[in-house]
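Residue numbers (the UniProt record's numbering): 1 to 499. The beta-carbon is built from N, C-alpha and C at its ideal position, and this holds for glycine as well. This one's a predicted model, so the numbers in the text were calculated from it and none came from an experiment.
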């Protein structure tokens with residue numbers, strides 16, 4: 001796919017922010033962060049480089065020492081601004097002073113065009129005690145902030161580094177960032193758009209199946225082969241011996257976190273409990289002590305898009321639970337981790353396709369579908385005609401004590417509205433139209449009664465079924481189900497998308 005085609009896919013809000021930064025009326029310091037492979041580098045190259053009068057790009061090298069980072073930077077200086085070789089650079093202040101010389105000259109030559117400086121993978125460039133961040137601080141405040149046509153983009157995959165040491169910096173860079181972009185994986189509508197731009201015109205079911213395994217990570221989706229089904233593609237990417245995602249899980253954590261073993265341990269612990277896990281449960285299951293270190297690791301995983309925290313409806317913040325929301329991590333832990341060695345080989349696609357319709361597949365698909373719905377609540381609200389109306393969006397659970405003869409209940413998703421209505425949502429992944437049995441209809445009626453009793457709500461409670469292909473006509477439908485949302489609605493291009 002050409003750069004022009006890919007650059008037109010999704011990212012409308014982010015492209016508008018970059019266009020705003022490049023208006024050449026004042027210097028812009030842009031911070032972009034998000035997990036690896038989501039398309040941060042491509043976004044900058046595709047949207048800013050073509051319109052720049054001068055474009056300078058420096059890329060951090062993973063696990064490389066300061067001397068190597070400086071040498072890489074020197075080569076970029078020579079290629080962009082100079083027609084001669086430079087001697088080895090001693091430190092970042094010297095390196096950035098040379099950069100400023102080149103940028104200032106370019107800004108004078110092209111006063112009506114943006115001069116773009118792009119530092120990609122800044123956390124990798126900023127090695128221990130390298131002095132890079134103080135040098136950036138000094139250069140911005142002393143020289144580059146005075147150039148009205150400068151766009152300086154600082155980009156990184158390590159979200160905690162970008163937030164703590166740049167965006168929320170307490171030193172000289174405090175409040176200096178003019179534009180902030182958290183680049184998240186594509187939503188379903190953008191995934192379908194991306195596939196279509198490559199000539200892969202996939203229907204709702206095929207797009208959803210890809211998303212359940214690969215998520216909205218651009219790099220993964222760009223690997224999907226042409227002319228194969230979603231199941232074949234997943235098998236080839238993840239289970240073929242040379243599949244590009246066969247060893248992605250371990251590399252992903254190592255590239256994002258310094259102490260990646262602890263982060264991976266926490267993700268595994270959260271994945272083991274589908275209904276969500278509390279902090280106290282994590283301390284026990286992950287073998288980590290309570291305190292600031294655990295808090296920091298959880299915050300880092302949340303910022304990187306692996307975990308999400310949920311406060312159950314009507315509960316206090318201290319009852320927060322964590323859930324694994326990264327689709328590929330869930331897929332890896334359910335299917336690839338611990339799979340027989342014979343699963344990975346030249347016939348990986350055949351192995352994966354043989355898993356379809358097994359009880360394990362249905363369990364994984366149901367949980368993955370729930371996670372996707374929780375990520376696409378704006379699209380669900382739009383389908384229900386309550387765009388942005390809900391006072392609270394959440395989940396709810398009532399657990400009885402052991403030995404109690406009172407039934408418990410769990411609500412996958414709910415919308416508490418200001419117009420006297422609460423939508424209780426049932427999330428059901430199904431390869432065909434969902435069939436509502438008499439027993440399940442009775443279960444739903446009981447669930448609504450328990451919810452009303454335990455929450456003491458005065459609002460009317462309606463039941464919304466969110467399922468892949470809709471509800472098959474049946475005797476009990478009108479008695480229980482008030483509205484139905486299909487997977488097609490999840491793929492709507494929703495204007496309520498938030499950063």
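Worksheet item: DSSP on residue 32, reduced to helix/strand/coil?
Response: The residue you call residue 32 lines up with position 32 of the chain shown. It is a strand residue.
Worksheet entry | Host alpha helix (DSSP H) of residue 428 (start-end) | In the chain shown, residue 428 corresponds to position 428, counting from 1. Careful: residue 428 lies outside any alpha helix (DSSP H), inside the beta strand (DSSP E) at 421 to 428.
Fill in: Simplified DSSP assignment, three categories, for residue 576
For the chain, the structure presents residues 1 to 499; residue 576 sits outside this window and is missing.
Worksheet item: With a Cβ-Cβ cutoff of 7 Å, do residue 393 and residue 415 count as a contact?
Response: Taking the chain shown and counting its residues from 1, the one referred to as residue 393 is at position 393. Taking the chain shown and counting its residues from 1, the one referred to as residue 415 is at position 415. Contact: yes.
Fill in: Close beta carbons around residue 276, own chain, < 7 Å, minus the five adjacent residues each side
To locate residue 276, count along the chain shown from 1; it is residue 276. Only 310, 321, 322 and 323 meet the Cβ criterion.
Worksheet item: Under the rule that 16 or more other beta-carbon atoms within 10 Å means buried, what is residue 453, buried or exposed?
Response: Mapped onto the chain shown, residue 453 falls at position 453. With fewer than 16 other Cβ atoms within 10 Å, it is exposed.
Practice prompt. Compute the Euclidean distance between the alpha carbons of residue 30 and residue 136, then round it to the nearest angstrom.
Written response: Position 30 of the chain shown holds residue 30. Position 136 of the chain shown holds residue 136. One C-alpha to the other measures close to 13 Å.
Item to complete: Please work out which residues of its chain come closer than 8 Å, Cβ to Cβ, to residue 241, disregarding the five sequence neighbours upstream and downstream, and give them in chain order.
Response: Indexing the chain shown from 1 puts residue 241 at position 241. Only 344, 345, 346 and 348 meet the Cβ criterion.
Worksheet item: What are the boundary residues of the beta strand (DSSP E) that includes residue 373?
Response: Here residue 373 refers to the residue found at position 373 of the chain shown. Note, residue 373: premise wrong, no beta strand (DSSP E); alpha helix (DSSP H) at 359 to 375.
Item to complete: Measure the Cβ-Cβ separation of residue 119 and residue 58 and say whether it is below 7 Å.
Response: One-based indexing of the chain shown puts residue 119 at position 119. One-based indexing of the chain shown puts residue 58 at position 58. Cβ atoms of residue 119 and residue 58: closer than 7 Å.
Discussion item. Once DSSP output is grouped into helix, strand and coil, what is the label at residue 145?
Written reply: Position 145 of the chain shown, counted from the start, is the residue given in the question as residue 145. Per DSSP, reduced to three states, the secondary structure at residue 145 is helical.
Worksheet item: Count the other CB atoms within 10 Å of the CB of residue 85; is the residue buried (16 or more) or exposed (fewer)?
Response: As a working note, residue 85 is residue 85 in the chain shown. Burial call: exposed.
Worksheet item: What's the C-alpha gap between residue 487 and residue 202?
Response: Looking up residue 487 in the chain shown gives position 487. Looking up residue 202 in the chain shown gives position 202. So the two alpha carbons sit approximately 13 Å from each other.
Worksheet entry | Any alpha helix (DSSP H) of 4 or more consecutive residues that is wholly inside the region 62 to 140 | 66 to 81, 92 to 109 and 122 to 125
Fill in: DSSP three-state assignment for residue 194, whether helix, strand or coil
Start at 1 with the first residue of the chain shown, and residue 194 comes out as number 194. Looking at residue 194 - three-state DSSP - the assignment turns out to be helix.
Worksheet item: With 16 other CB atoms within 10 Å as the buried threshold, where does residue 485 fall?
Response: Against the chain shown, residue 485 aligns to sequence position 485. Counting Cβ neighbours within 10 Å, residue 485 comes out buried, since at least 16 surround it.
Worksheet item: Looking only at its own chain, which residues have a Cβ that is under 7 Å from the Cβ of residue 180, when we skip the five neighbours before and after it?
Response: The residue given as residue 180 occupies position 180 in the chain shown. Cβ neighbours of residue 180 beyond the five flanking positions: 31 and 167.
Item to complete: Within the same chain, show all residues whose beta-carbon is closer than 6 Å to that of residue 74, passing over the 5 residues directly before and after it, in chain order.
Response: The count along the chain shown starts at 1 and reaches residue 74 at position 74. 86 and 89.
Worksheet item: Where residue 461 and residue 482 are concerned, what is the direct C-alpha to C-alpha distance, given to the nearest angstrom?
Response: Locating residue 461 in the chain shown gives position 461, where the first residue counts as 1. Locating residue 482 in the chain shown gives position 482, where the first residue counts as 1. C-alpha separation (whole angstroms): 10 Å.
Worksheet item: From residue 163 to residue 475, what does the alpha carbon distance come to, in whole angstroms?
Response: Indexing the chain shown from 1 puts residue 163 at position 163. Indexing the chain shown from 1 puts residue 475 at position 475. Between residue 163 and residue 475, the C-alpha separation is close to 54 Å.
Worksheet item: Which stretch, first to last residue, makes up the beta strand (DSSP E) that contains residue 387?
Response: In the chain shown, counting from the first residue as 1, residue 387 sits at position 387. Per DSSP, residue 387 lies in no beta strand (DSSP E) and is assigned neither H nor E.
Worksheet entry | Span separating the alpha-carbon of residue 284 from that of residue 270 | Here residue 284 is taken as the residue at index 284 of the chain shown, counted from 1. Here residue 270 is taken as the residue at index 270 of the chain shown, counted from 1. Rounded to whole angstroms, residue 284 to residue 270 spans 11 Å at the Cα level.
Worksheet item: Would you say residue 374 and residue 434 are within 7 Å of each other, going by their C-beta atoms?
Response: In the chain shown, counting from the first residue as 1, residue 374 sits at position 374. In the chain shown, counting from the first residue as 1, residue 434 sits at position 434. Going by C-beta atoms, residue 374 is not nearer than 7 Å to residue 434.
Discussion item. I need the straight-line Cα distance from residue 190 to residue 402, nearest angstrom please.
Written reply: Within the chain shown, numbered from 1, the residue matching residue 190 stands at position 190. Within the chain shown, numbered from 1, the residue matching residue 402 stands at position 402. Distance between the alpha carbons of residue 190 and residue 402: 46 Å.
Worksheet item: Going by other Cβ atoms of all chains shown within 10 Å of its Cβ, with 16 needed for buried, is residue 149 buried or exposed?
Response: Counting from 1 along the chain shown, the entry for residue 149 is found at position 149. Of the other Cβ atoms in all chains shown, 16 or more fall within 10 Å of the Cβ of residue 149; this residue is therefore buried.
Discussion item. Pull the bridge partners of residue 396 from the DSSP assignment, please.
Written reply: By one-based count along the chain shown, residue 396 stands at place 396. Answer is 411.
Worksheet item: Three or more beta-carbon pairs under 8 Å between the region 250 to 259 and the region 358 to 368, yes or no?
Response: no
Item to complete: Could you give the DSSP three-state label for residue 313: helix, strand or coil?
Response: Translated into the one-based positions of the chain shown, residue 313 becomes position 313. Reduced to three states, the DSSP call for residue 313 is coil.
Worksheet item: How should residue 316 be labelled, buried or exposed, when 16 other C-beta atoms within 10 angstroms of its C-beta is the threshold for buried?
Response: One-based indexing of the chain shown puts residue 316 at position 316. Residue 316 comes out exposed.
Item to complete: Provide the residue span of the alpha helix (DSSP H) that contains residue 261, from first to last.
Response: For the purposes of this step, residue 261 is identified with residue 261 of the chain shown, where counting begins at 1. Residues 260 to 271.
Item to complete: Return helix, strand or coil for residue 250, following the three-state DSSP convention.
Response: Mapped onto the chain shown, residue 250 falls at position 250. It is helical.
Discussion item. Looking at the strands, I want to know which residues DSSP matches up with residue 466.
Written reply: As a working mapping, residue 466 is identified with position 466 in the chain shown. Answer by DSSP bridge pairing, in chain order: 427 and 485.
Discussion item. For residue 376, tell me which candidate among 117, 489 and 354 has the shortest Cα-Cα distance.
Written reply: Taking the first residue of the chain shown as position 1, residue 376 is located at position 376. With distances taken between Cα atoms, residue 376 lies closest to 489.
Practice prompt. Measure the alpha-carbon distance for residue 407 versus residue 445 and round it to whole angstroms.
Written response: Translated into positions along the chain shown, residue 407 becomes position 407. Translated into positions along the chain shown, residue 445 becomes position 445. About 12 Å.
Discussion item. Quick check: the Cα distance between residue 263 and residue 211, rounded to an integer number of angstroms?
Written reply: Stepping through the chain shown from its first residue, residue 263 is reached at position 263. Stepping through the chain shown from its first residue, residue 211 is reached at position 211. Across the structure, residue 263 and residue 211 are spaced so that their CA atoms are roughly 23 Å apart.
Discussion item. With the cut-off set at 7 Å, would you say residue 152 and residue 60 are in Cβ contact?
Written reply: Within the chain shown, the letter at position 152 stands for residue 152. Within the chain shown, the letter at position 60 stands for residue 60. No, the Cβ-Cβ distance between residue 152 and residue 60 is not below 7 Å.
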